[in-house]
Amino acid sequence: MASCGLTYGLRKWALSRKALVQPSERCSHTVPTPHGGGIAIGVLALALTVPFAISNWVPDLSMGAMLALGLVMLAVGVWDDFGDLPAKLRLGVHLVVVVLGMLAIPTLPVFSVLGFEVDSSSAFLLWPILVLGWAWLINLYNFMDGIDGLAAVQAIVVLGGMALNFAIWGPHTWTWICLLTLASVLGFVIWNWPPARIFMGDGGSGFLGFALGFLMLLSASTTTVSMWSWIILLTLFIADATTTLFVRLLTGQNVLQAHRLHAYQKLAQRAGSHLPVTSGYGLVMLIVLLPASMVANAVPGSGVWVFALLFAVFSSIAFKLGAGRQEL
25 MASCGLTYGL RKWALSRKAL VQPSERCSHT VPTPHGGGIA IGVLALALTV PFAISNWVPD
85 LSMGAMLALG LVMLAVGVWD DFGDLPAKLR LGVHLVVVVL GMLAIPTLPV FSVLGFEVDS
145 SSAFLLWPIL VLGWAWLINL YNFMDGIDGL AAVQAIVVLG GMALNFAIWG PHTWTWICLL
205 TLASVLGFVI WNWPPARIFM GDGGSGFLGF ALGFLMLLSA STTTVSMWSW IILLTLFIAD
265 ATTTLFVRLL TGQNVLQAHR LHAYQKLAQR AGSHLPVTSG YGLVMLIVLL PASMVANAVP
325 GSGVWVFALL FAVFSSIAFK LGAGRQEL
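Count the sequence shown with the numbering used here and you get residues 25 to 352, in order.
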C-alpha cells in the first residue's frame, strides 16, 4: 500500500513538472509518460533494511552497507533520469559500489565446479568475475526496462521464487526478506502495468539490479540455498541482454548508444502491444525457471549446469528473434 501510494505521488509530481519521457525511434512507447516511479521501490526497500538489521535476520554491517550503497545507486539513477550523467561516470560509480558491496558481505560464495568446491573468498582470480558480473546485472536490468511492466514483473517473480526456495530449504527469515522486498515492487507495478501510467526509470532499474545482486551474495554467504537459484531465475534477462550486446559488438555498432534491439522489444513490435510480452516473460519464469531454480537446491552441484543449459536455449531464441541486429 505504501509503494502504491508513493508511486501515485511521484506520478502526480512528475506530471506537474512535465517530467515526461517523449516517444522516439529508440523508445518502445508512443505516448509521453512520466518517469521516476522506481524511486518508490528504492525508498521502501531501503527502509526495510532497518527492521531486517534490528531483528538480527541479517548482519548489521551488511544492512548498513546496503542502505548506504543503495542510496548512492538510487541517487545516481535519479540524476541520470532527470539530469545529464555521462555514461562513463555512471559505470565508474557502479564498479565502486559493487566493490564496496562485496567487501560488506561476510564471506563470498563457494562454487561447486565439476565436483570441486571453489571458495571465491580465497580464490582471488574470481573477484574480478564477481565484480563484472554484478556490474553487468545492474546495467542489464536497466537495458531490460524498456517495455511496460517487464522489469517489475521480473523482480516480482525472482523474489517470489526465492521466497519459495527459502520456505522449503530455509531459513524462513529469508522468505520474509524476499516477500517484503517484493511488496515494494508490487505497489509500483499497479501503475506500471501495460499501458504504463509511469515508468520505473534508471533510479528504479539500477537500484533493483544492485539490490538483487546484494541479496544474492548475502544469502549465499549466510544460508545453504544455492546462489544459482537466483541466477537461474534471472536467465531470461541475462540471455536477452548478453546476446544483444555481443551481436551489436560483432556487427560494429556503438554499444553505448540507446536502441531497441533486444529480443523483448522486437517481440513487442511484432505483437503491437507490451502486455503479451510482459505476461509471456512472467509465465516462462513461473513455468520453466522457477522449477529449475528449485532443482539447483534439490540436486547439489547441478545449478551451474541447469543455468548453462537454459542460457544456451534462451540465447539461441533471442538470436533467432534478431536480438542486436538492425533491420533495414
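By construction, the Cβ of each residue, glycine as well, lies at the ideal position given by its N, Cα and C atoms.
Assuming Ala347 and His298 make a contact with CB atoms under 8 Å, what is their CB distance in whole Å? As a position in the sequence shown, residue 347 is number 323, starting the count at 1. As a position in the sequence shown, residue 298 is number 274, starting the count at 1. Wrong, their Cβ atoms sit about 17 Å apart, outside the cutoff.
Using the Cα positions of Gly125 and Phe238, report the straight-line distance between them to the nearest angstrom. For the purposes of this step, residue 125 is taken as residue 101 along the sequence shown, with counting starting at 1. For the purposes of this step, residue 238 is taken as residue 214 along the sequence shown, with counting starting at 1. Distance between the alpha carbons of Gly125 and Phe238 is about 7 Å.
Contact between the stretch 117–124 and the stretch 239–248 is defined here as three or more beta-carbon pairs at a separation below 8 Å; is this criterion met? No: fewer than three Cβ pairs fall under 8 Å.
Same chain only: Cβ atoms within 7 Å of Ala316, ignoring 5 sequence neighbours per side: The residue labelled residue 316 in the question sits at position 292 within the sequence shown. Counting only residues of its own chain and dropping the five nearest sequence neighbours on each side, Ala316 has a CB closer than 7 Å to the CB of Ile256, Val330, Leu334.
Relative to the C-alpha of Thr302, which candidate in Val312, Gly107, Leu291 has its C-alpha closest? The residue labelled residue 302 in the question sits at position 278 within the sequence shown. The candidate whose alpha carbon is nearest that of Thr302 is Leu291.
Opening and closing residue of the alpha helix (DSSP H) in which His196 lies: Start at 1 with the first residue of the sequence shown, and residue 196 comes out as number 172. Unbroken alpha helix (DSSP H) run through His196: 196–216.
Beta carbon of Asp104, beta carbon of Asp226: below 8 Å? As a first step, residue 104 is located in the sequence shown; it is residue number 80 there, counting from the start. As a first step, residue 226 is located in the sequence shown; it is residue number 202 there, counting from the start. Closer than 8 Å, so yes.
Tell me which residues share the same chain as Ser86 and place their Cβ nearer than 6 Å to its Cβ, disregarding the 5 neighbours each side in the sequence. Counted from its first residue, the sequence shown places residue 86 at position 62. Listed in chain order, the non-local C-beta contacts of Ser86 below 6 Å within the same chain comprise Ala128, Leu242, local neighbours out to five positions each way being set aside.
Counting pairs of Cβ atoms below 8 Å between the stretch 175–183 and the stretch 28–39, do you hit three or more? Contact fails between the stretch 175–183 and the stretch 28–39, because fewer than three Cβ pairs, one in each stretch, are under 8 Å apart.
Report yes or no: do the stretch 58–77 and the stretch 214–232 share at least 3 C-beta pairs separated by less than 8 Å? Counting Cβ pairs under 8 Å, three or more are found: they touch.
Relative to the C-alpha of Leu183, which candidate in Ala336, Leu206, Val312 has its C-alpha closest? Counted from its first residue, the sequence shown places residue 183 at position 159. Residue Leu206 is the option with its Cα nearest to Leu183.
Mind checking which residues open and close the alpha helix (DSSP H) that includes Phe76? Here residue 76 is taken as the residue at index 52 of the sequence shown, counted from 1. Segment 73–78, the alpha helix (DSSP H) holding Phe76.
Gly112: first and last residue of the uninterrupted alpha helix (DSSP H) it sits in: Along the sequence shown, read from residue 1 onward, the residue named residue 112 stands at position 88. It should be pointed out that residue 112 corresponds to Lys in this sequence rather than to Gly. Per DSSP, the unbroken alpha helix (DSSP H) holding Lys112 starts and ends at 111–128.
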